[in-house]
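J.:
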Amino acid sequence: MFPYLVILAACAALLWFDHWRMGRRHREDLARTRRELAEAAHEQERQIAAQSQTRQETLFNSMIEGVLLLDTDGRVEWVNDSLRKGCGVAENIKGQTIMEAFRWHELAALSERLPREKTISGVELELQRGGRRSWQISAALVSGHPGGTQGRLFVFHDVTRLKELENIRKEFVGNVSHELRTPLSLIKGFAQTLLDGALNDPEQASRFLQKIDKHSDRLLFLIEDLLAISRLESGQVALNLQQVSLRDMAQRVVEDLGAPAAARQMTLENRIPGSVSVWADADRLPQVFFNLTENAIKYGKLQGRVVLDAHEAAGQKIEVLVSDDGPGIPSESIGRIFERFYRVDRARSRESGGTGLGLAIVKHIIQAHGGEAWVKSEPGKGASFHFTLPRSAAAKQSVNQ
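Position one of the sequence shown corresponds to residue 1 (our numbering), numbered consecutively onward.
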C-alpha cells in the first residue's frame, strides 16, 4: 500500500510542479505580452508625435510667410525655410540667440518687448543682407512649454515687392507731374505774353503761337503714350494678329523718318530680307520700329548710320534689331533703359523732345506678342536694340504652351 501512496504523492507533486511551471510561464508570457503592448503603444505614440511634427514642419515650410519660434530663454527653437532663405541664415541655428543667428538688432529689440506687450502686430523692419528686404512682423507669446512657461512666435510677411511698387508709383507720379508741368508752363507763359501785348506784333505773335502749337503736340503725345502704356500693362490691348512682312513694315517707317534722319545727315538702311514674316499686329508693330528708329536717329552719331535687320532665332522666332553707331549706352543704364521715363542723358533728352515712354511701350508691345526685348551696347561703339517675335501662329501657340 505504501509504495502506491508514494507513487501517488510523486505524481501529485509532478502535476503540481508542472502546473506551477505552466502558471509561471503563463505569467511570464502575460508580462512579456504586456511589455510588448506597452512598447508598441509607446512606439505608436512616438510615431504619431513624429508624424505630427513632420506635418507641422511641412506645413510651416510650405508657407510663404516666415515663421520663427523662440524658447523661454529667447533662443531659436525652430525656423521655417521661407525665413531662413529670406534672411540668408544658416540651417542649424537651433539654440542660438537672435543676434547670433540673424545679426538683427531691431528684431532682438522686438523680442525683448514681447514678454511685456504679449502681442505685437504689423511692425515693419528692414534687413540689409544680400540686398534690402522689408518685412512686416507680428509676434505673440505661446504656451505649451514645461512648467507653463511661454515661448515667442514671430510671423514675417515679406513686403519688399510692395515697397518697390510703392516707390515706382511715387516715382511715376512725380515723373508724370514733371513731364506735364513743363509743356503746360511753356504754353501758359507764351499765352500770357501774347495777352500782354505781343499779339499786336505779327512776327512775335507767329513765333509764340508756333511754340504753343509745338508744346501742345508734346503734351498730346505724352497723354497718348500714357494711355497706351496703361492699356498695355493692364492687358486691355487686344492684338489683331496676322502674318505680316517685316521688310515692308520697316520700309514704311524708314520713309516716314527720312526727314529727321536727313536733318542729321544720317543714313537709314533696311537690311531685313524680303522673305521674313512674323505673326504680329500690323498696327502695333510699326510703333515698335518707329520708336526704336527714332531713338537711333536722335541719339546716334551725326552723319552716322542706322541699320534695321532680322534673322531666324531659336524656338521658331525671328530676332529683329535696330542698331546705330553713336556713343552707346553706359553699362549702369543697360538694366534700366526700358523703364518708364528713364533717360540716360536727361539734358539731351529734353533738348531732343520725346515723352520718355517710348522704350517702355516697345517692351510691353513685344511682351504682348510673346517675345522679349533687350539692348546691347558698349560706350563709344553704338547701341543695338533687339526683340523677338513668333515666326507663325503655330510658333506663337508653342511659346504660350
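Cβ coordinates follow ideal geometry from the N, Cα and C atoms, glycine included.
Since residue 359 and residue 291 are thought to touch, with beta carbons under 8 Å apart, how far apart are those beta carbons, to the nearest angstrom?
T.: Between residue 291 and residue 359 the Cβ distance is about 7 Å, and since that is below 8 Å, they are a contact.
J.: Check whether the Cβ atoms of residue 151 and residue 136 lie closer than 8 Å to each other.
T.: Not in contact: residue 151 and residue 136 (Cβ atoms no closer than 8 Å).
J.: Give me, in chain order, the residues of the same chain whose beta-carbon lies closer than 8 Å to that of residue 386; leave out the 5 immediate sequence neighbours on both sides.
T.: Excluding positions up to five away in sequence, the list reads 319, 320, 321, 373, 374, 375 and 376.
J.: In the DSSP assignment, find the alpha helix (DSSP H) that holds residue 294 and state where it starts and stops.
T.: It spans 285-299 - the alpha helix (DSSP H) in which residue 294 sits, taken as one unbroken run.
J.: Starting from residue 153, follow its DSSP beta bridges and name the residues at the other end.
T.: Paired residue(s): 69 and 140.
J.: Is it true that the CB of residue 139 sits closer than 8 Å to the CB of residue 162?
T.: Not a contact, by the Cβ cut-off of 8 Å.
J.: For residue 272, does the count of other Cβ atoms within 10 angstroms reach 16, so buried, or fall short, so exposed?
T.: Answer is buried; the Cβ neighbour count reaches 16.
J.: Please determine, among 315, 275 and 68, the residue with the shortest C-alpha to C-alpha distance to residue 244.
T.: If we check each option's Cα against that of residue 244, 275 comes out closest.
J.: Rounded to the nearest angstrom, what separates residue 383 and residue 132 at their Cα positions?
T.: Whole-angstrom Cα-Cα distance: 32 Å.
J.: With H, G and I counted as helix, E and B as strand and the rest as coil, what does DSSP make of residue 210?
T.: DSSP places residue 210 in helix when its eight states are reduced to three.
J.: Using 8 Å as the Cβ pair cut-off and three pairs as the minimum, do the stretch 321-338 and the stretch 293-300 touch?
T.: Result yes; three or more Cβ-Cβ pairs closer than 8 Å.
J.: Taking the runs of the beta strand (DSSP E) that are 3 residues or longer, which of them lie wholly in the stretch 229-278?
T.: If we require 3 residues or more, the beta strand (DSSP E) runs fully inside the stretch 229-278 come out as 241-245 and 267-270.
J.: State the Cα-Cα distance for the pair residue 364 and residue 78, rounded to the nearest angstrom.
T.: Approximately 44 Å, taken between the alpha carbons.
J.: Pull the bridge partners of residue 338 from the DSSP assignment, please.
T.: Its beta-bridge partners do not exist; DSSP assigns none.
J.: Under the three-state reduction of DSSP, which class applies to residue 391: helix, strand or coil?
T.: Three-state result, residue 391: coil.
J.: Do the CB positions of residue 64 and residue 82 come within less than 8 Å of each other?
T.: Cβ distance < 8 Å, so residue 64 and residue 82 count as in contact.
J.: May I ask you to report which of helix, strand or coil DSSP gives residue 358?
T.: Of the three classes helix, strand and coil, the one that applies to residue 358 here is helix, per DSSP.
J.: Under the DSSP definition of a beta bridge, which residues are partnered with residue 305?
T.: Bridge partners of residue 305: 267.
J.: What number of angstroms, rounded off, separates the C-alpha of residue 301 from the C-alpha of residue 258?
T.: Straight-line Cα distance between these residues: approximately 16 Å.
J.: Look at the Cβ atom of residue 114, then the Cβ atom of residue 120, and state whether they are nearer than 8 Å.
T.: Cβ atoms of residue 114 and residue 120: closer than 8 Å.
J.: Assign residue 203 to one of three DSSP states: helix, strand, or coil.
T.: Here residue 203 sits in helix by DSSP.
J.: By how many angstroms is the C-alpha of residue 190 removed from the C-alpha of residue 176?
T.: Answer to the nearest angstrom: the Cα atoms are 22 Å apart.
J.: Return yes when the Cβ of residue 249 is within less than 8 Å of the Cβ of residue 286, no when it is not.
T.: It is a contact, given that the beta carbons lie within the stated cut-off.
J.: Would a C-beta distance cut-off of 8 Å place residue 306 and residue 269 closer than the cut-off?
T.: Yes, these two residues count as a Cβ contact at 8 Å.
J.: Looking only at its chain, what residues have a beta carbon closer than 6 Å to the beta carbon of residue 211, apart from the 5 residues adjacent to it on each side?
T.: Same-chain partners within the cutoff: 190.
J.: Would you identify the three-state DSSP class for residue 118, choosing helix, strand or coil?
T.: Note: residue 118 maps to coil in three-state DSSP.
J.: Using 8 Å as the threshold, is the C-beta distance between residue 183 and residue 218 below it?
T.: Yes. Within cutoff.
J.: Taking residue 392 as the reference, which of 281, 193, 103 and 264 has the closest Cα?
T.: The shortest C-alpha separation from residue 392 is found at 281.
J.: Let's test the definition: count the other Cβ atoms within 10 Å of the Cβ of residue 380 and tell me whether it reaches 16, buried, or not, exposed.
T.: With fewer than 16 other Cβ atoms within 10 Å, it is exposed.
J.: Kindly give me the distance between the Cβ atoms of residue 366 and residue 232, rounded to whole angstroms, as I take these residues to be in contact under 8 Å.
T.: Their Cβ separation, rounded to whole angstroms, is 10 Å, which puts residue 366 and residue 232 out of contact at 8 Å.
J.: Across which residues does DSSP place residue 104 in a beta bridge pair?
T.: None; residue 104 has no bridge partner.
J.: Leaving out five residues on either side along the sequence, give the residues of the same chain with a beta carbon under 8 Å from the beta carbon of residue 329.
T.: Contacts found: 337, 344, 375, 377, 379 and 383.
J.: DSSP beta-bridge partners for residue 317?
T.: In DSSP, residue 317 forms a bridge with 313 and 390.
J.: Near residue 310, what residues of its chain come up, given a Cβ to Cβ distance below 6 Å and the 5 sequence neighbours on each side ignored?
T.: The answer, listed in chain order, is 246, 272, 276, 318 and 320.
J.: Go ahead and pull the three-state DSSP assignment for residue 378.
T.: Reduced to three states, the DSSP call for residue 378 is coil.
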